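So the sequence shown is residues 1 to 379, counted in the UniProt record's numbering.
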Amino acid sequence: MADLEIYDQPQSLTATGLVKIWGCNDTILIDCRPFIAYNEGHIRTSHNINCPPIVKRRSGGSLPLANVITCANSREKLLAGDYKNVVIYDQNTDDFQNATKDSNLYLVVKSLQEDARLRNNVFYLTGGYDAFTCQYPQACVKPSSPSSGSTLDSPRACGKEFRLTDEFFRGEAVEILPWLYLGSSVHASQKSKLRAAGITALLNVSNSCQNHFPESFLYKTIPVADDSFSEIGKWFQDAINFIDSVRSASGKVLVHCHAGVSRSATICIAYVMQFKKCSLDEAYNHVKTRRNVIAPNLNFMSQLEEFNKQIVCSYPGLPSSKIATSTVSPLGFLNSSCANHMPKFDFSFGDVGSPVSPVLTPDGHAHFFGTFQPLMSPS
């Protein structure tokens, strides 16, 4: 192979660094491993390059962009400057300087850097897939356990994006506790149904949803965005106090955001943790069994984990959340070699065997869900 040279060393990005920018809609992930490795497990939303050995041999040291990003729509967005971050990863490269010049990682970086528009936007993930899956196993797609009777989650073919549909707004708000309900902005706009459920107060966890009936219900607004930077954790105690005040007055509160999926679910999980003095796993499972589409973003889950630590410290007899014994996760691929790196919380992206698809909120932030099954409020 010809002696290849890249223009600049790509910037390094840690697994934690990737998580921080992942919620934004301006990042594209490229998996430069062989398809077999990709099919055995990959980071969600990543694009796998198309680089058969014969193409690699004939490449002359540079791959066409069509082979690097096979989805035409994603290529167009990349060339249009819609992606500010192009993150590339292989199996386990810690330092790009150690990448051989005939490796896919080196070849992909060089190919992207040949376009001056992309040259300063290229990152490589330190430690590759192996390091990321040790730290964030639930953010990866892997084969389901044999007992589930299912195969690998359907890949995000061609970077196809799905947007929230009315499926996420149908039905009723669900009862989390007798005085605590979780729902969407649509549920919050249905006065007759609020009355029928006995709702007396609404906790609006958004910076955009309207408070429709201030003359009829008590309102409190927590103005947070559903993104990778919002500090929802600083509002936990304020929200808990509000819910408790409604309960003390023999009322009921509906907690909602836009879709009832991330922000409001996060608040409900935090409340259940404190009220029941339970672990994050238990609280998450409690809420998810009642509204199975919940999917707090990675940033919010991290803040819930910190809150979990506070709960454990406040109640010494409470066991910390242990992912290895969690009943929440549908991904049965725990690796003992990763135990020291594994977070003590669980992201559940759907029921076992459910196809997983990214869903974008109107803000453009991705969440992942299994097949939607509307849950009615428990009697």
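Just so it is clear, CB atoms sit at the ideal spot from N, CA and C, and this is done for glycine as well.
These numbers come from a predicted model, not from an experiment.
- The distance from the Cβ of N50 to that of Y38 is about 11 Å, inconsistent with a contact at the 8 Å cut-off.
- In this chain, Q210 is not harboured by any alpha helix (DSSP H), its DSSP state being neither H nor E.
- Judged by DSSP in its simplified three-state form, A80 adopts coil rather than helix or strand.
- The beta carbon of N207 sits closer than 6 Å to the beta carbons of P223, A225 from its chain, once the five residues preceding and following it are set aside; these are given in chain order.
- The beta carbons of L304 and L254 sit no closer together than 8 Å.
- Collapsing the DSSP output to three states places Q310 in a helix.
- Of the candidates I269, Q135, V86, the residue whose Cα lies closest to the Cα of E175 is I269.
- Per DSSP, the unbroken alpha helix (DSSP H) holding N67 starts and ends at 65–68.
- Here DSSP, grouped into helix, strand and coil, assigns F123 to strand.
- Taking a cut-off of 8 Å on C-beta distances, the region 128–137 touches the region 87–94, as three or more cross pairs fall below it.
- Going by DSSP, K220 is part of the beta strand (DSSP E) stretching over 218–221.
- A188 is not a Cβ neighbour of H286, given a cutoff of 8 Å.
- Annotation for K220: L203, F242 place their beta carbon closer than 6 Å to its own, counting only its chain and skipping 5 residues before and after.
- A Cβ-Cβ separation of about 12 Å leaves S264 out of contact with A295 under the 8 Å criterion.
- L177 sits away from R291, with the two beta carbons spaced by 8 Å or more.
- In this structure, DSSP gives Q237 a helical state, which the three-state scheme calls helix.
- Cβ atoms of L63 and R75 stay farther apart than 8 Å, at about 12 Å.
- The DSSP-derived three-state label of Q138 is helix.
- Of the other Cβ atoms in all chains shown, fewer than 16 fall within 10 Å of the Cβ of Y315; this residue is therefore exposed.
- DSSP, reduced to helix, strand and coil, places G183 within a strand of the structure shown.
- For the pair Y124 and L13, the CB atoms are nearer than the 8 Å cut-off.
- The DSSP-derived three-state label of L118 is coil.
- In the structure shown, S264 falls within a helical segment according to DSSP collapsed to helix, strand and coil.
- L105 is positioned such that its CB atom lies no closer than 8 Å to that of V68.
- Residue pairing from DSSP places V86 in a beta bridge opposite I28, V122.
- In the structure shown, the three-state DSSP call for Q274 is helix.
- Nearest in C-alpha terms to N308, of all of N299, S279, Y83, is S279.
- Y83 sits close to D26, with the two beta carbons spaced by under 8 Å.
- Of the candidates P137, A72, G81, the residue whose Cα lies closest to the Cα of A15 is P137.
- CA-to-CA, the gap between C209 and R119 works out to about 39 Å.
- The beta carbon of T200 lies closer than 8 Å to those of F217, L218, V246, A249, G251, K252, V253 in the same chain, with the five residues before and after it left out.
- In the DSSP assignment, E175 falls outside any alpha helix (DSSP H) and lies within the beta strand (DSSP E) extending over 174–177.
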